[in-house]
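Mapping to the working numbering: the sequence shown position 31 is 31, numbers consecutive.
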Amino acid sequence: MDYLLTEEQKMLKEMVSKFAQEKIGPVASDNEKNHRYPEDIIKEAGELGLMGIAYPTDYGGAGMDYVSYFLAVEEISRWCASTGVIVSAHSSLVCDPIYRFGTEEQKKKYLPDLLSGKRIGSFSLTEAGAGSDSGATKTTAKLVADKWVLNGSKLFATNGKEAEVFILIASTDPSQKTRGVTAFIVERDTPGYKIGKIEKKLGIKSSSTAEIILEDCEVPKENLLGELNKGFKVAMVTLDGGRLGIAAQALGIARACIEDSIKYAKERFQFDQPIASFQAIQWMLADMWMEYEAAWLLNWRASIMKDKGLNYSTESAVAKLKASEVAMDCARKAVQIHGGYGYTEDFNVERYYRDAKITEIYEGTSEIQRLVIARSLLK
Ligand SMILES: Cc1cc2nc3c(=O)[nH]c(=O)nc-3n(C[C@H](O)[C@H](O)[C@H](O)COP(=O)(O)OP(=O)(O)OC[C@H]3O[C@@H](n4cnc5c(N)ncnc54)[C@H](O)[C@@H]3O)c2cc1C
C-alpha cells in the first residue's frame, strides 16, 4: 500500500525498515528471553529522530506527521514488539501530552531531551483499583505551600524502570472522580518517588512494566500539566493518540506472522510437497493478509484524521480494536502453519503469539474499545 504514502513517508518507512531489520531483528529474541531493555537500539533510534517523529523541529522533533510515526512503529514492531512499545509509550503517552497541554516553559524544558531520546518517558494512569475505570484513581496530590505533594501508588508503567520523565495522573479533588483528577510531570529523582515491583510478563519482555510508589513526593507547582482537575481529559486525549501507536505495534506483529509463515510454508515439505501447496495453508495466508490490509487502512485513516486535527476518538478505537484482534488471529494462524515447531523457541512465531496478546489489553482493553465505539454510535 506504499502508493498511498507521500515520498517523505516512503523514505522514512524504508529507512526504519532497514534499521529495524539490521539492528533490531538480530537481537530481539535474545533480549526478550533475557528481559533486556534494548538501550543501544533506543539510543540509535533517538539519533535517527525516531523518538520524536511527529513533533516540530523547534522542540527537537523530526517535524513529520502521525502517519510517519505509525509507519515507523509498525516497522520496528515487525522485528521487535517490545521496542515498538518502548517507542510508542514514550512518544504517544509522554511527548504528545507535553506538546499538546504543556506551557511554553514545560515544552522547552522537557521536549528537546525527550524527542532526541536522551531521556525516556513513561505514562502512569493505572492503579491497582483503577484499570479500565481509570477515573477511580486513589493517588492524591495536595498543594502545600508552592509544591504538589503526591501520595499513592501506580501500576504497570511501561518504560517505568528506565524513564526519567513521568506523566502521572492524581486526584486533586477526590469528591469529583473524573472531574477531580490532574496530570503532573514528575522527574525520576524527585524525593519521595520510588520505582517498585517490575512485572514478569507473558510477552514484550524487553520493555519494563513498573510499579511507582509515591510517598510525600514533592512536585514543583509549575509541573502541573494542563489545567487543575482536567487531567482526565489529558489522559483520554493522550490515549486516543496512543491507540494508534498500539495499532501500529499490532500491525507490525501481524506482518511478522505473515512474512514468517510465507517463508516457512514454502520451505516445509510434507507429503512430498511444500505445505504452501495445500489449500488449507493458502487460505490461512490469504485471510491473514486480507485482515492485515483492512487493519492497516483503518490505522492510516485515523492517523490522517489526527494529522488534520479532526476528532478521531472513535476511529482510533476502531483502528486499535481491529489491529489488535488481527495481530492475535495472525499469531494463532502463524503458530498453526509452523506446526509443532511453531510452539518451540526455535521459531519467532511463539514470541509473536505472546506479544500479540498485550495489544488487546493495554491502552484500553478490547471491551473498552467496543464501549467507546458503541457510545459514539448510540449518542
Ligand atoms: C504490559 C502492560 C503495560 C501497561 N502499560 C501501561 C502504561 O504505560 N501506563 C498505564 O497507565 N497503564 C498501563 N497498563 C495498564 C493497562 O492499560 C490496563 O491493564 C488495562 O487498561 C486494563 O485494566 P485492568 O488490568 O485493571 O483490567 P480491568 O479493568 O480490571 O478489566 C478486567 C476485565 O474486565 C473487563 N471490563 C472492565 N470494565 C468493563 C466494562 N465497563 N465493560 C466491559 N468489560 C469491562 C476488561 O475489558 C477486562 O476484560 C499496562 C498493562 C500491561 C499489562
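For each residue, glycine too, the CB sits at the ideal point set by N, CA and C.
Are the CB atoms of residue j and residue i within a distance shorter than 8 Å?
| i | j | result |
| --- | --- | --- |
| SER132 | ALA163 | no |
| TYR292 | ALA254 | yes |
| GLY339 | GLU350 | no |
| ALA130 | GLY152 | no |
| VAL219 | LYS308 | no |
| LEU150 | THR137 | no |
| ALA356 | ALA323 | no |
| GLN231 | THR182 | Sequence inspection shows Gly at residue 231; the Gln mentioned does not correspond to that position. It is a contact, given that the beta carbons lie within the stated cut-off. |
| LEU225 | PHE184 | yes |
| LEU12 | ALA72 | yes |
| LEU285 | ALA256 | no |
| ASN348 | ASP260 | yes |
| PRO112 | TYR59 | yes |
| MET241 | SER92 | Before going on, a small fix: residue 241 reads as Gly here, not Met. A contact, by the Cβ cut-off of 8 Å. |
| ARG243 | ALA319 | yes |
| GLY196 | GLY117 | no |
| MET288 | ILE258 | yes |
| GLU314 | VAL372 | Strictly speaking, residue 314 in this sequence is Thr, with Glu absent from that position. Yes. Within cutoff. |
Quick one: is the Cβ of residue i within less than 7 Å of any heavy atom of ligand 1?
| i | result |
| --- | --- |
| GLY135 | no |
| SER122 | yes |
| GLU7 | no |
| GLU363 | yes |
| PHE184 | no |
| GLY131 | yes |
| ILE167 | no |
| ASN209 | Note on identity: in this sequence residue 209 is Thr, with Asn being the wrong assignment. THR209: yes, Cβ under 7 Å from ligand 1. |
| GLU367 | yes |
| THR359 | no |
| ILE204 | yes |
| LYS107 | no |
| LEU125 | yes |
| ALA412 | Look at the range of the chain in this structure, 1 to 379, and you will see that residue 412 is not part of it. |
| LYS18 | no |
| LYS177 | no |
| LEU214 | no |
| ALA89 | yes |
| LEU378 | no |
| LEU93 | yes |
| LYS201 | yes |
| LEU225 | no |
| LEU143 | no |
| LEU12 | no |
| LEU371 | yes |
So, at 8 Å on beta carbons, what are the nonlocal neighbours of residue i in its own chain, with the 5 sequence-adjacent residues on each side left out?
| i | result |
| --- | --- |
| LYS10 | ASP2 |
| GLY63 | TYR55, PRO56 and THR57 |
| ASP30 | ARG36 |
| LEU228 | THR172 and THR182 |
Whose C-beta lies closer than 7 Å to the C-beta of residue i among residues of the same chain, with five residues either side of it excluded?
| i | result |
| --- | --- |
| VAL85 | THR158, ILE204, SER207 and GLN249 |
| ARG268 | PRO274 and ILE275 |
| LYS23 | ILE41 and GLU44 |
So, is residue i buried or exposed, given that buried needs 16 or more other C-beta atoms within 10 angstroms?
| i | result |
| --- | --- |
| ALA280 | exposed |
| GLU7 | exposed |
| THR359 | buried |
| ARG375 | exposed |
| THR385 | Any answer about residue 385 is impossible in this case: the structure gives the chain only from 1 up to 379. |
| VAL87 | buried |
| LYS18 | exposed |
| GLN21 | exposed |
| SER82 | buried |
| LEU298 | buried |
Using a C-beta cutoff of 8 Å, does residue i count as contacting chain D?
| i | result |
| --- | --- |
| ARG78 | Given the protein chain composition of this structure (a single chain), no chain D is represented. |
What does a CB cutoff of less than 6 Å around residue i pick up in its chain, not counting 5 residues either side in sequence?
| i | result |
| --- | --- |
| GLU177 | According to the sequence provided, residue 177 is Lys. The question's Glu does not apply to it. Cβ within range, chain order: GLY135. |
| TYR69 | ILE53 and ALA54 |
| LEU239 | GLU363 |
| TYR353 | ALA331 and VAL335 |
| GLY49 | ALA62 |
| ARG188 | GLU164 |
| THR126 | LEU155 and PHE156 |
| ALA235 | LEU125 and ILE169 |
| ASN34 | none |
Would you say the stretch 210-220 touches the stretch 351-366, given that touching needs at least three Cβ pairs under 8 Å? By the Cβ rule, the stretch 210-220 does not count as touching the stretch 351-366, because fewer than three pairs are nearer than 8 Å.
Does the stretch 132-144 touch the stretch 77-93, meaning 3 or more C-beta pairs lie closer than 8 Å? no
Sufficient close CB pairs (3 or more, under 8 Å) joining the stretch 326-336 to the stretch 297-311: no
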